[in-house]
Amino acid sequence: DGVVVPEKVESNNLDMKVRESDLETDEKGTKEESTKESDSNILDGSSDFPREKHISIQREFADLEKLANLKEDEKKPCPLCSEEKYKACYSHKLHRHLLNFHWKVSVEFEGYRMCICYLPCHPVKPNLVGDQIFSKMGAHYHCIICSATITRRTDMISHINRHVNKGETESRFIAVPAPKYSHQVLKESATDVRVLPNYSTPQKTDSYFNPKMKLNRQLIFCALGVLAKEREPIECLDAFGATGIMGLQWAKHLRSSVRVTINDCNENSVAMIRENCHLNKMKVKLNTKEDDGDEAMGDGEENTDTIEVTKMDANVIMHLRSFDFIHLDPFGTTVNYLDSAFKNVRNLGIVSLTSTDISSLYAKAQHVALRHYGCNIVRTEYYKELAARIVIAAVTRAAARCNKGIEVLLAVALEHFVLVVVRVLRGPSPADDSARKIRYLIHCQWCEERIFQKEGNMVEENPYQQLPCDCHGSMPGKTAVVLGPLWSGALFNAGFLRRMYFEAVQYGLDEAQSLLKTIVCEAECTTLKNYSTHAPWEDTKQEECGVYIKTSNTSPESYLVHGKRKSDEVSRNTNKRQKAENSSEHPAFYYNIHRHSIKGMNMPKLNKFLNYLSEAGYRVSRTHFDPMGVRTNAPLAQFKTVLMKYSTPTYALGQAEEADFLEDD
Numbered sequence: 001d002g003v004v005v006p007e008k009v010e011s012n013n014l015d016m017k018v019r020e021s022d023l024e025t026d027e028k029g030t031k032e033e034s035t036k037e038s039d040s041n042i043l044d045g046s047s048d049f050p051r052e053k054h055i056s057i058q059r060e061f062a063d064l065e066k067l068a069n070l071k072e073d074e075k076k077p078c079p080l081c082s083e084e085k086y087k088a089c090y091s092h093k094l095h096r097h098l099l100n101f102h103w104k105v106s107v108e109f110e111g112y113r114m115c116i117c118y119l120p121c122h123p124v125k126p127n128l129v130g131d132q133i134f135s136k137m138g139a140h141y142h143c144i145i146c147s148a149t150i151t152r153r154t155d156m157i158s159h160i161n162r163h164v165n166k167g168e169t170e171s172r173f174i175a176v177p178a179p180k181y182s183h184q185v186l187k188e189s190a191t192d193v194r195v196l197p198n199y200s201t202p203q204k205t206d207s208y209f210n211p212k213m214k215l216n217r218q219l220i221f222c223a224l225g226v227l228a229k230e231r232e233p234i235e236c237l238d239a240f241g242a243t244g245i246m247g248l249q250w251a252k253h254l255r256s257s258v259r260v261t262i263n264d265c266n267e268n269s270v271a272m273i274r275e276n277c278h279l280n281k282m283k284v285k286l287n288t289k290e291d292d293g294d295e296a297m298g299d300g301e302e303n304t305d306t307i308e309v310t311k312m313d314a315n316v317i318m319h320l321r322s323f324d325f326i327h328l329d330p331f332g333t334t335v336n337y338l339d340s341a342f343k344n345v346r347n348l349g350i351v352s353l354t355s356t357d358i359s360s361l362y363a364k365a366q367h368v369a370l371r372h373y374g375c376n377i378v379r380t381e382y383y384k385e386l387a388a389r390i391v392i393a394a395v396t397r398a399a400a401r402c403n404k405g406i407e408v409l410l411a412v413a414l415e416h417f418v419l420v421v422v423r424v425l426r427g428p429s430p431a432d433d434s435a436r437k438i439r440y441l442i443h444c445q446w447c448e449e450r451i452f453q454k455e456g457n458m459v460e461e462n463p464y465q466q467l468p469c470d471c472h473g474s475m476p477g478k479t480a481v482v483l484g485p486l487w488s489g490a491l492f493n494a495g496f497l498r499r500m501y502f503e504a505v506q507y508g509l510d511e512a513q514s515l516l517k518t519i520v521c522e523a524e525c526t527t528l529k530n531y532s533t534h535a536p537w538e539d540t541k542q543e544e545c546g547v548y549i550k551t552s553n554t555s556p557e558s559y560l561v562h563g564k565r566k567s568d569e570v571s572r573n574t575n576k577r578q579k580a581e582n583s584s585e586h587p588a589f590y591y592n593i594h595r596h597s598i599k600g601m602n603m604p605k606l607n608k609f610l611n612y613l614s615e616a617g618y619r620v621s622r623t624h625f626d627p628m629g630v631r632t633n634a635p636l637a638q639f640k641t642v643l644m645k646y647s648t649p650t651y652a653l654g655q656a657e658e659a660d661f662l663e664d665d
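Numbering (full-length UniProt numbering), first residue to last: 1 to 665.
Dropping the structure here:
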């Protein structure tokens, strides 16, 4: 009885091993099931685990081309389209397909492009036709933040914006480290500037460089060059530096005549400005609120090739320091910085500002113009000049609040920007004189005639009678609107523009030369054939007892005696000069020759028409605001009369050709 049977022991051991193996298989099964569930959750995007990004989400177009594995001699299918949608083709056709069909309609977010996808990720509901079921794959986008697939591009943009508003900006896929792009180096006006690869479509943290604003930078440089010859050295500020291209051009070409300060509130922009200074072999003097870098120079270590780089808000630096020249070029409107600009700008200094809020200034968003500038405007044939006068009116009010007046030196309105350059005249009397030039404009909506309202506080019973046209009497209802308030004074200073033109010639600024030549003719209200290209000092300066006296062709504020300004003479002669120049101011606004053409008549050539108006005794010139515009002091009725007189009927030409044909037969 005490003997142990070995067979039972072996059987018990086998049972224990079987049970252990069963437990191990159960544990493995549960592990496999859990891994499968986690994998399915990752693919579905229902968990917070990272997942792989969809192939339609790429950083660069080159990555999309690598995905397609383009080869010259082989046909390759599109990686984002099914075979039913797009058949395999050669590399040149596939490249064009990827660029136009996928990349150009993508949605961008934080350096990634969500391209449109035609793979079977988002099936459309099948259509039942007879006994057959047709199911097509719909075009869609894959969200970079969540796992959603959205069909329309506008809905995708709205979807991304909702994520941003909620603070959900981190993507849930396994992020591939962004490649370190080599900065691209561009050259403009003998100045090198290093920009980011996405310089034309910047993010909020990137520095912006717009090649289309080259003409704007050239005009500002010419204005600064003229001021630098009046007095030196001058302290100038580029309040919104971005890449620092404008300040670098100032320092590189004008050298000891200017002391350049480039400011930006963005830390990345400040770092890029420093890099561009070193690229152009300029020393950097740092002055930031947080700390001073290793390259910061002492107060006594001044150098002609030194640029001061600051990291401040533009309003703060203009309140803290005084400058002779200030340029404002923010994104959009400049009205938020005008009070600070005129607070500490020195007497007879220059303030230039570039406004890029074109939609409001060009009367496409009239409610925004009313909100920013306090002006009521409508779309007219002279909308570009209207925009320039709106900006100058805002500048005048800001200067008047600081007991300063202005003299407009240049006003340019082109496709992408409105540029205004003004000289600052300190004192309450110039401020009052400038403020009086802000008036309302009466505009006839029938014939496009316009006139500034007369000065005075008395209310007229019918202010529309001031218009030269008789539309208010012959047409029923209200025919005119009141626009403004606007600047009613001159937009140009001919003498200053001539000196700007010779600065452009000296430094080889070709684009600015042609525009300035047109503006000089416009300021003097003369045709191009009467324009003279002699140097401005040949007839505009007279040397008497060591004092350079400038005639009315140039700005008489800049009297120089041994490098010092005669402020007393300036203040006494400012009012006399302005009254004397009122008679020679260019006419306000212009007419478009096509807008007032007669139906069924062939108009004369524009240059010939200018000669006809000049022979009729009117001042006339072309305008840079409109290539087919005519600036003249002739009323609209006389303008149409001369146009009608020298126009030929269209059918008369046809009859003459028919008569010549019959004679030949």
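Backbone N, C-alpha and C fix where the C-beta goes; we use that ideal spot for every residue, glycine too.
These numbers were taken from a predicted model, which means no experiment stands behind them.
Beta carbon of residue i, beta carbon of residue j: below 8 Å?
i	j	result
residue 636	residue 447	yes
residue 229	residue 265	no
residue 467	residue 375	no
residue 493	residue 425	no
residue 260	residue 326	no
residue 108	residue 145	no
residue 334	residue 353	yes
residue 634	residue 618	yes
residue 142	residue 256	no
residue 610	residue 527	yes
residue 194	residue 267	no
Is residue i near the ligand SAM, in the sense that its beta carbon is under 7 Å from a heavy atom of that ligand?
i	result
residue 271	In the structure on display, the ligand SAM does not appear, and there are no ligands present to speak of.
What separation, rounded to the nearest whole angstrom, lies between the Cα atoms of residue i and residue j?
i	j	result
residue 501	residue 223	9 Å
residue 387	residue 624	14 Å
residue 251	residue 345	20 Å
residue 578	residue 114	Only weak support is given to the placement of residue 578: the predicted model assigns it a pLDDT of 45, under 50, and the question is left unresolved by the model.
residue 463	residue 383	22 Å
residue 597	residue 465	25 Å
residue 539	residue 191	Only weak support is given to the placement of residue 539: the predicted model assigns it a pLDDT of 41, under 50, and the question is left unresolved by the model.
residue 395	residue 488	13 Å
residue 139	residue 118	5 Å
residue 273	residue 96	37 Å
residue 74	residue 63	19 Å
residue 209	residue 362	24 Å
residue 498	residue 616	28 Å
residue 456	residue 587	21 Å
residue 106	residue 154	11 Å
residue 613	residue 116	58 Å
residue 90	residue 79	14 Å
residue 392	residue 420	7 Å
Would you list the one or two residues that DSSP bridges to residue i?
i	result
residue 649	601
residue 442	451, 482
residue 407	423
residue 487	438
residue 327	238, 352
residue 332	Looking at the DSSP assignment, residue 332 forms no beta bridge with any residue, so it has no partner.
residue 114	57, 107
residue 89	76
residue 629	592
Can you give me the Cβ contacts of residue i inside the same chain, cut-off strictly under 8 Å, excluding the 5 residues immediately before and after it?
i	result
residue 368	357, 359, 360
residue 336	315, 330
residue 593	603, 606, 609, 628, 629, 630, 643
What does a CB cutoff of less than 7 Å around residue i pick up in its chain, not counting 5 residues either side in sequence?
i	result
residue 269	207, 241, 242
residue 370	376
residue 600	649, 650
Among residues of its own chain, excluding the 5 on either side of residue i, which ones have a beta-carbon nearer than 6 Å to its beta-carbon?
i	result
residue 416	212
residue 716	In the structure displayed, the chain extends from 1 to 665; residue 716 sits before or after that span and is not available.
residue 440	453, 482, 484, 485
residue 87	none
Quick check on residue i - is its C-beta less than 8 Å from some C-beta in chain B?
i	result
residue 151	Absent from the structure is chain B; it holds one protein chain and no more.
*asked:* Pairs of beta-carbons, one from the region 474–493 and one from the region 503–518, closer than 8 Å: are there three or more?
replied: When Cβ pairs closer than 8 Å are counted between the two stretches, the region 474–493 is seen not to touch the region 503–518, the count staying below three.
*Do three or more CB pairs link the region 514–525 to the region 608–627 at distances below 8 Å?*
Because the criterion of three Cβ pairs below 8 Å is met, the region 514–525 and the region 608–627 touch.
*Hey, is the region 391–402 in contact with the region 416–436, meaning 3+ C-beta pairs nearer than 8 Å?*
Segments in contact, yes.
*Would you call the region 335–344 and the region 316–324 in contact, with 3 or more CB pairs under 8 Å?*
With the cut-off at 8 Å, the region 335–344 and the region 316–324 touch.
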